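Colleague: Heads up: the sequence shown at position 43 corresponds to 45 in the numbering used here, and the numbers run straight through without jumps. Backbone N, C-alpha and C fix where the C-beta goes; we use that ideal spot for every residue, glycine too. Nothing here was measured: the structure is a model prediction, and the numbers come from that model.
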Amino acid sequence: MRQYLEFEKPVAELESKIEELRRMTSPGEINIADEVHRLSDKADK
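1) Assign Leu-41 to buried or exposed, taking buried as 16 or more other Cβ atoms, counted over all protein chains shown, within 10 Å of its Cβ.
2) Please state the DSSP three-state secondary structure of Lys-11.
3) Please list the terminal residues of the continuous alpha helix (DSSP H) segment that includes Lys-44.
4) Using three-state DSSP, classify Arg-25 as helix, strand or coil.
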């Protein structure tokens, strides 16, 4: 598990949400790729 500095905590929360969305996605379910992509872009900034 990665350690985050205090100012990095918002990024950590975004990365956690991204991973949660990826785990929820499975064949036949609603495609949430757009949301994952949006959060990934936000985390990269």
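Modeller: The answer reads as follows:
1) Position 39 of the sequence shown, counting from 1, holds the residue named residue 41. Buried: at least 16 other Cβ atoms inside 10 Å.
2) Position 9 of the sequence shown holds residue 11. DSSP places Lys-11 in helix when its eight states are reduced to three.
3) Reading the sequence shown from its first residue, position 42 is the one you call residue 44. Residues 35–46.
4) By 1-based counting over the sequence shown, the position of residue 25 is 23. In this structure, Arg-25 counts as helix in the three-state DSSP scheme.
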